[in-house]
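Numbered according to my numbering, the sequence shown terminates at residue 459, and the numbering increases by one at each position without gaps.
We put the beta carbon where it would ideally sit given N, CA and C, even for glycine.
Working notes, structure below.
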Amino acid sequence: MSQQATTAKRDGFSSRFGIIAAAAGSAVGLGNIWKFPYIVGENGGSAFILVYLLSILAVGVPVLLAEFIIGRRGQANAVRSFKKIAPNTKWSGIGWMGIVAAFMILGFYTVIAGYTIHYFILTVTNSFAGMSSAQIADTFNNFASSTRPIIYTVIFIILSLGILFGGIKDGIEKYTKVLMPGLVGIIALLVIRAITLPGAEEGIQFLLKPDFSELSMKAVLDALGHSFFSLSVGMGTMLTYGSYISKKESLTSITFSIAAADTIIALLAGLAIFPAVFAFGIDPTSGPGLVFITLPNVFLQMPGGIIFGALFFLLLFIAALTSVVSIFEVIIAYITEELKVNRHKAMGLTTLAVIVIATFCALSQTPDTSLIFNGHNLFDWMDLLSANVLLPIGGLLMMIFLGFIMKRSDLEDELQHGSKSIKGTMAYITITKFIAPVAIAIVFSTGIQALFS
Ligand code: PHE
């Protein structure tokens with residue numbers, strides 16, 4: 007019995023489809039459906055999309071592959087995996103940074119995720135009926151700057167705990183295998199609705215016809231930075247998931263499947279939004295308010311708007327849920343394995359901490375807040391510090407670790423499992439181990455400037 011306990015198998019994914027559903031679930035999130043469309047809008051459309059695709063290939067995919075390799079090699083959480091691969095070094099600091107980033111991202115991300123529940127309810131109860139554009143904008147601004155988001159954030163967190171409760175195979179895998187196909191079905195319906203609206207062509211052209219005159223340096227940096235956030239890399243999420251992938255699977259093929267799924271869903275989100283926005287003559291450059299202010303206007307005018315609006319916010323909710331779960335898992339895996347606490351206790355502790363941080367983030371958006379530092383409120387700081395600082399540094403260090411520190415024999419061995427030939431992958435790593443760190447360093451240095459301006 008005791009021997010069985012010490013050799014007890016670590017929980018893990020049971021099928022290839024399960025791995026893809028969970029990891030694509032992590033990657034596809036508010037980043038794809040809320041942020042990607044609005045940064046495309048702000049940066050002038052399709053030329054930006056091309057730069058984004060390049061960033062994914064040159065930077066996002068290599069770091070994603072690095073995380074999977076490190077995680078599966080280490081067979082442990084984000085901190086211990088580095089300790090096992092490079093004993094007696096300081097590289098496990100990357101894992102630590104990841105844990106800090108996880109708390110920060112959860113702090114602001116769960117607040118926006120909570121909005122999706124509120125907006126789903128507003129849409130199905132037809133609450134926008136008869137409102138003017140200005141009233142719809144006021145509805146959003148009043149809600150976001152009140153304390154009401156806290157309630158929805160807590161509800162959202164409790165729902166994600168329901169998924170995390172069963173662990174990897176009987177929790178995350180079980181639910182994402184159902185939720186992700188559901189998400190694909192919903193987005194397909196929304197795209198069909200949007201592109202069949204009279205006047206949709208202009209929106210389709212906006213996405214597909216490149217106009218490089220609009221492309222600025224800011225656009226390039228936005229694209230690079232977002233390729234990171236969108237693939238959930240730089241903080242140990244994919245590393246932790248990688249540690250649950252069986253040795254039978256090819257990490258290269260899983261990496262490319264996930265990057266493709268993430269990118270296709272982001273593009274489909276654009277196709278679900280812009281044709282409709284143009285069809286109703288609304289300005290596409292509305293920024294973060296695109297989804298919560300512009301779209302309710304669109305759904306109000308669209309035939310079948312209540313149904314399609316409800317489906318849209320359900321889509322956003324599912325996307326956020328499967329991402330939040332993956333970020334939680336970074337922390338839970340660390341606490342259970344390092345502090346020897348059982349999973350459910352670890353979940354409880356993490357949840358309490360996240361609720362406190364998220365509450366402060368939500369409060370920092372209220373008008374009489376004192377949670378403003380150097381011109382940004384706490385909510386923005388959590389976003390900026392994680393996306394512009396911690397994720398890039400984490401990704402940079404992981405790439406250096408993979409390319410220059412990890413033993414080549416370990417790397418090749420890890421890639422060989424489940425693959426026929428690793429030549430192509432090794433060549434890809436050889437090239438990107440120089441390109442990715444340089445590109446990331448550039449994003450990082452400009453990101454830092456943005457923080458203090
Ligand atoms: N990739 C997620 C999205 O696009 C966000 C995320 C970032 C999730 C980092 C996990 C880790 O919304």
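(Q) Using C-beta distances below 6 angstroms, list every residue in its chain close to residue 26, excluding the 5 sequence neighbours before and after it, in chain order. (A) Excluding sequence positions up to five before and after residue 26, its CB lies within less than 6 angstroms of the CB of 263, all in the same chain and listed in chain order.
**Q.** Cβ-Cβ distance between residue 183 and residue 18 below 9 angstroms
**A.** No.
Q: Mark residue 79 as exposed unless 16 or more other C-beta atoms lie within 10 angstroms of its C-beta, in which case mark it buried.
A: It counts as buried.
Q.
Given 8 angstroms as the limit, tell me if residue 239 has its C-beta closer than that to any heavy atom belonging to ligand 1.
A. Yes; taking the cut-off as 8 angstroms, the Cβ of residue 239 has a heavy atom of ligand 1 nearer than that.
Q) Is there at least one non-hydrogen atom of ligand 1 closer than 8 angstroms to the beta-carbon of residue 533? A) Residue 533 is absent from the model: the chain starts at 7 and stops at 459.
(Q) Classify residue 13: buried if its beta carbon has 16 or more other beta carbons within 10 angstroms, exposed otherwise. (A) Residue placement at residue 13 is poorly supported in this model, since its pLDDT is 49, which falls under 50; the coordinates are not used for a value here.
Q.
Please state the DSSP three-state secondary structure of residue 8.
A. Its pLDDT being 41, under 50, residue 8 is placed unreliably in this model, and the coordinates cannot settle the point.
Q: Ignore the nearest five residues each way along the sequence and tell me which others in residue 286's own chain have a CB closer than 6 angstroms to its CB.
A: Listed in chain order, the non-local C-beta contacts of residue 286 below 6 angstroms within the same chain comprise 304, 307, local neighbours out to five positions each way being set aside.
Q) Exposed or buried, residue 379, counting other C-beta atoms within 10 Å across all chains shown (16 or more means buried)? A) With fewer than 16 Cβ atoms within 10 Å of its Cβ, residue 379 is classed as exposed.
Q: Indicate, with yes or no, if ligand 1 has a heavy atom lying under 8 angstroms from the CB of residue 531.
A: For the chain, the structure presents residues 7 to 459; residue 531 sits outside this window and is missing.
Q | residue 4 versus residue 310 - alpha carbon distance | A | Past the edges of the chain, shown from 7 to 459, lies residue 4, and the structure says nothing about it.
**Q.** Alpha carbon of residue 194 to alpha carbon of residue 214, nearest angstrom
**A.** Between the alpha carbons of residue 194 and residue 214 lies a gap of roughly 18 angstroms.
Q | CB-CB length for residue 301 against residue 318, believed under 8 angstroms | A | Sure, about 7 angstroms apart at Cβ, within 8 angstroms.
Q: Check each candidate in 293, 201, 108, 266 and name the one with the smallest Cα separation from residue 284.
A: Checking every option, the nearest Cα to that of residue 284 belongs to 201.
Q. Under three-state DSSP, which class holds residue 55?
A. Note: residue 55 maps to helix in three-state DSSP.
Q) So, helix, strand or coil for residue 251, using DSSP? A) Residue 251: coil per DSSP, three-state reduction.
Q | Whole-angstrom distance between residue 97 and residue 89, CA atom to CA atom | A | Cα-Cα distance, rounded: 7 angstroms.
Q) Are residue 405 and residue 439 close, meaning C-beta to C-beta below 9 angstroms? A) For residue 405 and residue 439, yes; Cβs fall inside 9 angstroms.
(Q) Using 8 angstroms for Cβ pairs, my map puts residue 173 next to residue 349. What's the rounded Cβ distance? (A) Indeed, because the Cβ distance is near 6 angstroms, the residues count as touching under 8 angstroms.
Q. Residue 394 by DSSP, collapsed to three states: which one?
A. Residue state for residue 394 is assigned as helix, using DSSP reduced to three classes.
Q. Residues in its own chain within less than 8 angstroms of residue 362 by CB, not counting five upstream and five downstream?
A. Same-chain partners within the cutoff: there are none.
Q: Could you pull out every residue in the same chain whose Cβ sits closer than 7 angstroms to the Cβ of residue 160, ignoring the five residues on either side in sequence?
A: So the qualifying residues of the chain are 361.
Q: Would you check if the distance between the CB atom of residue 423 and the CB atom of residue 257 is smaller than 9 angstroms?
A: Judged by their CB atoms, residue 423 and residue 257 are nearer to each other than the 9 angstroms cut-off.
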